[in-house]
Amino acid sequence: MNVKKIAQFAIGPVAGALLGFISLPLITWFFSPEDVGRIAMYNIALSLSVMLFSLGLDQAYVREYHESDDKVKLLITALAPGLLLLSVVFSASIFISESWLSTLLFNIESTTLTIIVILSIVVSFLSRFLSLTLRMEQRALAFSAIQISPKFFLISFVLIAVAVLPAPKANELVLITAFSQLFTFFILVFLVKEVFFSLFKINFDFDLCKRILKYGAPLILGSLAFWGLTAIDKFLLKKIAGLEELGLYSVSVSFAAAATIFQSIFSTVWAPTVYKWVAEGQNLNKVKEIQKYILLIVIVLFCFAGLLSWVVPVFLPVYYKEVQWVVISCLGYPLLYTLSEATVVGINVAKRTGLAMLAAVLSFVLNIILSLVFIPMYGAAGAAASTCISFFCFFLLRTEFSAKVWMPFPRRLQYFYTSILVLGAVFSTLYGKEYFVYTLLFWMTVLVSVCFSFKTELVYCLKLIKTRGDKEAS
Numbered sequence: 008m009n010v011k012k013i014a015q016f017a018i019g020p021v022a023g024a025l026l027g028f029i030s031l032p033l034i035t036w037f038f039s040p041e042d043v044g045r046i047a048m049y050n051i052a053l054s055l056s057v058m059l060f061s062l063g064l065d066q067a068y069v070r071e072y073h074e075s076d077d078k079v080k081l082l083i084t085a086l087a088p089g090l091l092l093l094s095v096v097f098s099a100s101i102f103i104s105e106s107w108l109s110t111l112l113f114n115i116e117s118t119t120l121t122i123i124v125i126l127s128i129v130v131s132f133l134s135r136f137l138s139l140t141l142r143m144e145q146r147a148l149a150f151s152a153i154q155i156s157p158k159f160f161l162i163s164f165v166l167i168a169v170a171v172l173p174a175p176k177a178n179e180l181v182l183i184t185a186f187s188q189l190f191t192f193f194i195l196v197f198l199v200k201e202v203f204f205s206l207f208k209i210n211f212d213f214d215l216c217k218r219i220l221k222y223g224a225p226l227i228l229g230s231l232a233f234w235g236l237t238a239i240d241k242f243l244l245k246k247i248a249g250l251e252e253l254g255l256y257s258v259s260v261s262f263a264a265a266a267t268i269f270q271s272i273f274s275t276v277w278a279p280t281v282y283k284w285v286a287e288g289q290n291l292n293k294v295k296e297i298q299k300y301i302l303l304i305v306i307v308l309f310c311f312a313g314l315l316s317w318v319v320p321v322f323l324p325v326y327y328k329e330v331q332w333v334v335i336s337c338l339g340y341p342l343l344y345t346l347s348e349a350t351v352v353g354i355n356v357a358k359r360t361g362l363a364m365l366a367a368v369l370s371f372v373l374n375i376i377l378s379l380v381f382i383p384m385y386g387a388a389g390a391a392a393s394t395c396i397s398f399f400c401f402f403l404l405r406t407e408f409s410a411k412v413w414m415p416f417p418r419r420l421q422y423f424y425t426s427i428l429v430l431g432a433v434f435s436t437l438y439g440k441e442y443f444v445y446t447l448l449f450w451m452t453v454l455v456s457v458c459f460s461f462k463t464e465l466v467y468c469l470k471l472i473k474t475r476g477d478k479e480a481s
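According to the working numbering, the sequence shown is numbered sequentially starting from 8.
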């Protein structure tokens, strides 16, 4: 994959994150915190359902794609089991209770909302596999467009609803979100129309299905554990503290999601590059160097968030002022996850994926325990602190496992700074309001320390910027 193609694939996550940075704060001005919390539950339901009903066959589809002579048959075979299971489960559940899903997610008894959510899950499930077709065909711009479209439509429909309706409520917000996904699905169908219409030709291979199920099914537990690590705090927050606190937390996560731009670009470039180095037996020392640069970026981003989070309330209604403290710990997920992606490479190279699953399971369990302790005491702030600490554990476990099964690499500096960052983030989230000046001094001190701990890396970056500037000037 060349640099141009990587850049085209990066457009989707970058633009999607930027639009997401706009969409949820926009919603806060026109909808109540409870409604924002309901949309958070809606999105959780979609992500969980797609992950569960895919049965790991989405990953099996990617694994088998280039080795398959009949890619349409492969897609049909990968789609069919999950689609059948999804149909059976939801048909049975509707027969038992017509409004169970809306009550569970939104605390609203509504058959209409339940049907909307189920249809949204089906659309998201189909979109997952069809978008993978774009990805495997390396249609980078089309793939990026599909990532951008839901946020674009959501912003557009919210503005239309606010202009047309006197006081839109939860029902309208759920419908707007569902329509955003539906319109994106129509675009996706148009982009892969030949493949989509080929799906109606019954071309199911039972033997192939057994083979890819054998590959995909074991991946479900690991995926479920990681999903739980990122989502259990929201479920517990809704149950213990209510939808209003969930809404506040969701807005904080939305602002922290800006860091996923860094995460997405790094993940797109890192894995293929490292595997190529391993295959060629070259440049392995660069892995250690890149890990240090990633650590540097993580430290700087945490510090700037700690120093500038007081700006966040400017963009939000007054009852979201606590977001400025909660958002600091919310950075733990995207930043510590990205750092763990830089250190976990040894597990993937050694093909010891069970260790990666173990790291996710243990961190998931820790998140449940911490959430049950902190959420009753601190609400949204407690949920953010719990997840931040849990991702620190996730990073430690992945890093240690990787160093043990592949090759050792320096970890003392990583552990020192990540410990400091997590302690600072959690303290800022829980007590920053009372000790505002001290938290600013803390983050400034950490930022200044970077000049000494990463002197070589900073000098190299400055030289690189100067060199490029000279080339552009000439």
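Positions of the beta carbon are idealized from the N, C-alpha and C atoms, including for glycine. Quick caveat: nothing in here was measured; it's all calculated off a predicted structure.
Contacting residues, own chain, Cβ-Cβ under 6 Å from residue i (five flanking each side not counted)
i: residue 263; result: 334, 337 and 338
i: residue 381; result: 389, 392 and 393
i: residue 137; result: 195 and 199
i: residue 115; result: 109
i: residue 105; result: 118
i: residue 273; result: 345
i: residue 79; result: 205
i: residue 331; result: 316, 317, 319 and 320
i: residue 57; result: 131, 132 and 135
Cβ-based neighbour list, residue i, same chain, cut-off 8 Å, excluding 5 preceding and 5 following
i: residue 308; result: 266, 269, 338 and 342
i: residue 55; result: 234 and 238
i: residue 92; result: 60 and 62
i: residue 460; result: 420 and 424
i: residue 387; result: 244, 248, 252, 253, 255, 256, 259, 329 and 333
Residue i (DSSP reduced to helix, strand or coil)
i: residue 58; result: helix
i: residue 151; result: helix
i: residue 209; result: coil
i: residue 234; result: helix
i: residue 47; result: helix
i: residue 320; result: helix
i: residue 441; result: coil
i: residue 384; result: helix
i: residue 18; result: helix
i: residue 176; result: coil
i: residue 115; result: coil
i: residue 413; result: coil
i: residue 225; result: coil
i: residue 353; result: helix
i: residue 77; result: coil
i: residue 28; result: helix
i: residue 461; result: coil
i: residue 250; result: helix
i: residue 218; result: helix
i: residue 158; result: helix
i: residue 241; result: helix
i: residue 71; result: helix
i: residue 398; result: helix
i: residue 431; result: helix
i: residue 38; result: coil
i: residue 469; result: helix
i: residue 188; result: helix
Inter-residue CB distance, residue i and residue j (contact presumed, cutoff 8 Å)
i: residue 245; j: residue 48; result: 6 Å
i: residue 179; j: residue 300; result: Between residue 300 and residue 179 the Cβ distance is about 46 Å, and since that is not below 8 Å, they are no contact.
i: residue 82; j: residue 68; result: 7 Å
i: residue 62; j: residue 229; result: With a Cβ gap of about 13 Å, residue 62 and residue 229 do not count as contacting.
i: residue 306; j: residue 428; result: 7 Å
i: residue 410; j: residue 361; result: About 16 Å; that fails the 8 Å criterion.
i: residue 366; j: residue 405; result: 5 Å
i: residue 219; j: residue 379; result: That pair is no contact at about 38 Å.
i: residue 191; j: residue 134; result: 7 Å
i: residue 202; j: residue 121; result: Wrong, their Cβ atoms sit about 31 Å apart, outside the cutoff.
i: residue 261; j: residue 38; result: Contact doesn't hold; Cβ gap of about 13 Å is too wide.
i: residue 45; j: residue 148; result: With 8 Å as the limit, residue 45 and residue 148 do not qualify as a contact, their Cβ atoms being about 34 Å apart.
i: residue 232; j: residue 368; result: 4 Å
Neighbourhood of residue i by C-beta, 7 Å cutoff - its chain only, sequence neighbours within 5 removed
i: residue 189; result: 130
i: residue 517; result: No answer is possible for residue 517: it lies beyond the span of the chain, which begins at 8 and ends at 481.
i: residue 159; result: 26
i: residue 35; result: 43, 258, 323, 324 and 327
i: residue 183; result: 161, 164, 165 and 168
i: residue 41; result: 250, 251 and 254
i: residue 30; result: 158, 161 and 162
i: residue 53; result: 127, 128 and 131
* At least three beta-carbon pairs within less than 8 Å, the region 118-131 to the region 148-160 -> no
* Asked: Is it a yes or a no for the region 446-454 touching the region 301-320, going by three-plus beta-carbon pairs under 8 Å?
  -> yes
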